[in-house]
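Engineer: So the sequence lines, in the order shown, correspond to chains A and B. Numbered according to our numbering, the first sequence spans residues 1 to 487. Numbered according to our numbering, the second sequence spans residues 1001 to 1347. Quick reminder that beta carbons are idealized off the backbone N, C-alpha and C, glycines included. Here the structure is a predicted model, which is why all the values come from computation and not from measurement.
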Amino acid sequence: MDATLLKSILRRFKIADYPYIIENWKSLSKEFSDVNLKHVKKADFVDMVMKKFKHKSNPALAIAELDILYLQKYSNRKLWKVLTVDVIPEGDSNNLSTVAEFENRLRKEVRSYLNAQVRCIEHQNTYWIRIAVKDAKNDWALPSVVYITHVPNTNYLMVTGLKATHKDYVLQSLVTVLNGHRVVDSHLSGRCLVSLMRLVLNKHSQGASLSFGGSPRPVIEETLPENVYNENHIEKRNRDNFVAENYGLAKLPRLEKIVYKLDTTFKGSSHVPGMAGSDRPFHCQVKFEGPSVLEGLRSLTAAGLAALPMKEHLAQDRNTTHNTDNTDYDKSERDIALPSGVAPNAAFAYYVDMFVVIPMVWTLIGELWQSYKQSKTISKPYSDIPAIDVLDDKKQPRRGDKPSKLKRRRADRRILKNGTTKQKLDGVDNKQKPKSRRKKSDTSREDGQKSGNADAKQTSTSDHKDDDSDTSKRGEINSGSTLKTGD
Amino acid sequence: MSVKLKSPSVQRTSRTPWRSKRFTRTPITRSLGSVSYTGVSTRSRSVRNRRSSIERTPEEKSFNGLVLKTWHVYRLSPLYKFSHETSALRNYSRMLSGHLEAEYNVGMAVITENEKANMAVFSIVRGLQKSGREPEAIQIELKQKPIRGDAEARTVYTAILCCVGASDDVLEKVKQPFVLLPLMLSKGPVMLNRYLTSWLECQFDCSVHAAHFSPLSLSWMVAIWVGSEAESTKPVMLKYKVPSEVEGLDHITLNINSKDCKVLWDCIHSTEDKTCHKKEVVTFVQALEAHFYHHFQINISAMPLCMIGTPIAVAESDGKIKIFTPEHVHQILGLVTEVILETSIEL
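1. May I ask you to list the residues that DSSP assigns as paired with residue 281 (chain A)?
2. Would you call the CB atoms of residue 1076 (chain B) and residue 1163 (chain B) closer than 7 Å?
3. Does any C-beta atom of chain D lie closer than 7 Å to the C-beta of residue 233 (chain A)?
4. May I ask which residues mark the beginning and end of the alpha helix (DSSP H) holding residue 1221 (chain B)?
5. Can you tell which of A:80, A:242, A:267 has the C-alpha that lies nearest to the C-alpha of residue 1377 (chain B)?
6. Starting from the beta carbon of residue 291 (chain A), find every residue of chain B whose beta carbon is closer than 8 Å, and list them in chain order.
7. So which residues of chain A does residue 1294 (chain B) contact, with C-beta pairs closer than 8 Å?
8. Counting C-beta neighbours from all protein chains within 10 Å, is the total for residue 1260 (chain B) 16 or more, i.e. buried, or is it exposed?
9. Just to make sure I have the definition right: I need the residues of chain A whose C-beta is within less than 8 Å of the C-beta of residue 1257 (chain B). Which are they?
10. Report the rounded CA-to-CA distance for residue 179 (chain A) versus residue 86 (chain A), giving the unit in angstroms.
11. Please report whether the beta-carbon of residue 1290 (chain B) lies at a distance below 7 Å from any beta-carbon of chain A.
12. Which bits of chain A does residue 1306 (chain B) rub up against, with CB to CB less than 8 Å?
13. When you check each C-beta in the region 1218-1247 of chain B against every C-beta of chain A, which residues fall closer than 8 Å?
14. Taking 7 Å as the threshold (beta carbon to beta carbon), is residue 4 (chain A) in contact with chain B?
15. Give the residues of chain B in contact with residue 296 (chain A), contact being defined as C-beta atoms less than 9 Å apart.
16. Quick one: list the residues of chain A neighbouring residue 1310 (chain B), beta-carbon separation under 8 Å, in chain order.
17. Report yes or no: do the region 184-192 of chain A and the region 101-112 of chain A share at least 3 C-beta pairs separated by less than 8 Å?
18. Measure from the C-beta of residue 288 (chain A) to each C-beta in chain B and report whether the shortest distance is under 7 Å.
19. Compare the C-beta of residue 1216 (chain B) with all C-beta atoms of chain A and state if any pair is closer than 7 Å.
20. Sort out for me which residues DSSP pairs residue 1137 (chain B) with in a bridge.
21. Quick one: what does DSSP say residue 1338 (chain B) is sitting in, helix, strand or coil?
22. Contact check, residue 10 (chain A) vs residue 49 (chain A) under 8 Å by CB: the rounded distance?
23. State yes or no: is the beta carbon of residue 271 (chain A) nearer than 7 Å to at least one beta carbon in chain B?
24. Would you say residue 158 (chain A) and residue 196 (chain A) are within 7 Å of each other, going by their C-beta atoms?
25. Suppose contacts are defined by Cβ-Cβ distances below 7 Å. Is residue 65 (chain A) in contact with residue 27 (chain A) by that definition?
26. If I'm right that residue 61 (chain A) touches residue 12 (chain A) with Cβ under 8 Å, what's the distance once you round it to whole angstroms?
27. Just to check my reading of the structure: residue 239 (chain A) and residue 301 (chain A) have Cβ atoms closer than 8 Å, yes? What is that Cβ distance to the nearest angstrom?
28. So, is the C-beta of residue 1271 (chain B) closer than 7 Å to a C-beta in chain A?
29. Looking at the C-beta of residue 1287 (chain B), does it have a partner C-beta in chain A at a distance below 7 Å?
30. Kindly list the residues whose CB is nearer than 8 Å to the CB of residue 1340 (chain B), restricted to its own chain and excluding five residues on each side of it in sequence; keep chain order.
31. Counting contacts by CB-CB distance shorter than 7 Å, is residue 1168 (chain B) in contact with chain A?
32. Can you tell which of B:1090, B:1192, B:1274 has the C-alpha that lies nearest to the C-alpha of residue 1138 (chain B)?
33. Is residue 1194 (chain B) buried or exposed, if buried means 16 or more other CB atoms sit within 10 Å of its CB?
34. Using only the alpha-carbon positions, how far apart do residue 1065 (chain B) and residue 295 (chain A) sit?
35. For residue 1202 (chain B), which option in B:1307, B:1079, B:1230, B:1234 has the closest C-alpha, if you only look at C-alpha atoms?
36. Would you check if the distance between the CB atom of residue 1120 (chain B) and the CB atom of residue 1097 (chain B) is smaller than 7 Å?
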């Protein structure tokens, strides 16, 4: 059975992969030192490996390693599902710091439920786990294999090949080893493992901030012939700017499918007046399919098939199975089933990220205003400050007024009327200024940086929380957008 | 020097030298099938539905071979000197078997042993006609007889030639010795289909073309079929193909609850009305697209409809249909025949 399994795995590889096998297959690396791969045929290579394999003491280990090598190379041939483990936050004495410890612990747990072989390999800071479950009835049958990828110190598992009969046992073992209390389906699946990891682990650096982190998209410039003129080039430019600001310039992660479940009332009543007053939910499911759906949705906007501004709830973490016209959802609802194919908070964070961009802009404006205030109070020497008029809100210069000389003359006249001298005017003590204004300027001078940081902190936590306190800001800044909490 | 061919029966306009109407226009109204069949008992439809759970009429039983299979739809021009008599059908079976053998001997096509057929059987399918003027449907089965043993021959390929619900105008135009069987449903390997179509073209001087359903035809289908009563909970599906200039996204699919869709259709079209107007169909589809637009701001109406699904049938733009219930076979095939006759060139 081992020999047949090994042959089947070897035949899956292409001839061009043989150097990769020789370099990375640790179980048989010594035996391969003298191998010449020039003009080698598949059958010859398989026979050679089988001969060297016969003398192996631990064949199961070698098979597992080869299988994981194949999966690392061709992970896009499997459909991966993302699961989230709710880890108990209290400190645990069982700190599984190495792969070997993790493997031993997992093997104990799995073997208590199933007759299975467990193998873990660490590759590029990721644990690749292979659990081969043997069928109790037929010893000669090939085992059903479950592959799991786990990034240490995170809550996420990418699983493929999990059958219903083994599902509970395998997941229970993993939950015990990771010190969690339950496993939740993240409703995220796809064929590109790297994209799934990127979506799940880099939730808060999606969208516009992808320009600074991810791999850049090749910019293709249209070259039109001389006698062809694009009449809508301004609209096209606006659309391209919108896309670049909201989706970023980098390549988006690959997802094959995004599904939305809508339970809202019918919204096409302009065409069908008979459905206008109906409160009955119109159950509908929308599926976007393609090799890279996120790129496709971005191209839809760029191609003009999607109206601007694009509906932000495409990226919002909206639980549409509970969606009604008045959506005022709590944080707890965000964790429930979301558009499958998109990770929970990543759904909100990455796609069209107004919620990151707007608070950043708001803090920037705040800081600019603070610095402007500082510059007004500090930059000029005291002797140059016309003491009363500029600082007095009531006497603001009107349009058409002459510059400060006129103000000074008026001030002189007032003071002379009151019996004070000019000298006093020049050396006006700042203490006579309104107290509230002085305090503000003092605090801004001393604690300018701290207040700015506090603002930034507040906005950053609001980004993470995505709470409704930001909605008012959204409403103010994006008056042109269709973002409404009641929608 | 140009030679002008004049036919006295054809009207010519002053503008063009050829016929004024080369293609028929798509109709503005269609009847929703007040069905009366010959060869089927004339019970009312509600009575028949009640009885269907207990016992089926023989004609509905025979439709089990049509149901739950994906058929490729072809359109045929009228067949010259096709006879429905038993002796003629036996003759055709013999000729077709010989033709298949000859094609295998030529050996041009790569065909697996499982897909080889060495026997052809022509038979009549009763009950598919809507009126007595229409010719009876013909079923052609290509079977593989085992070389050894007395096992039964295995059917490898099936084709059904029928005419369901053709209008009287069209039936009057097709006179003897021509026989109108415009709809061909085909299921099986591609090479066998090619052999059959080449033989039909040679034998009966007809032309066989794969049918394509336009987005408007698919809209007609989804609107009419949504209105029919069905017990199934299958959703109503509208699948749109995204233009190729949009990279990464291929299809957008809308799956709507069939009951909600029926409520919408009843708001647009009254149940008492036996004819369906084009405006109602367009309104129905536009309403669904508006509902989608409200949520996603995507102009799905700019994309072509490539597949529709209802609780009773599924149809694709490249000419595939699948029927789920035997009770609605006439309604479905009738609409498909109408659509095919509209797309063919006027005789």
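Structural biologist: Well, looking at it:
1. According to DSSP, residue 281 (chain A) bridges with A:265.
2. No.
3. Looking at the structure shown, chain D is missing, and the protein chains on hand are A and B.
4. 1215-1227 is the extent of the alpha helix (DSSP H) around residue 1221 (chain B).
5. The structure shown has nothing for residue 1377 (chain B), since chain B only spans 1001 to 1347.
6. 1248, 1250
7. 267, 268
8. Classification of residue 1260 (chain B): buried, given that the 10 Å Cβ count is 16 or more.
9. 282, 283, 284
10. 9 Å
11. yes
12. Within 8 Å Cβ-Cβ: nothing; residue 1306 (chain B) doesn't reach chain A, min ~12 Å.
13. So the list reads 1235, 1242, 1243, 1245, 1246, 1247, given in the order they occur along the chain.
14. For residue 4 (chain A), the answer is no, since every Cβ of chain B falls outside 7 Å of its Cβ.
15. 1242, 1246, 1247, 1248, 1249, 1250
16. Those within 8 Å of residue 1310 (chain B) in chain A number zero; the least Cβ separation is about 15 Å.
17. no
18. yes
19. no
20. B:1125
21. helix
22. About 6 Å separates the two Cβ atoms, so the contact holds.
23. Yes, contact with chain B.
24. yes
25. yes
26. At roughly 19 Å, the Cβ-Cβ gap does not stay under 8 Å, so residue 61 (chain A) and residue 12 (chain A) are not in contact.
27. 6 Å
28. no
29. yes
30. 1073, 1075, 1182, 1183, 1211
31. no
32. B:1090
33. exposed
34. 44 Å
35. B:1079
36. Cβ atoms of residue 1120 (chain B) and residue 1097 (chain B): closer than 7 Å.
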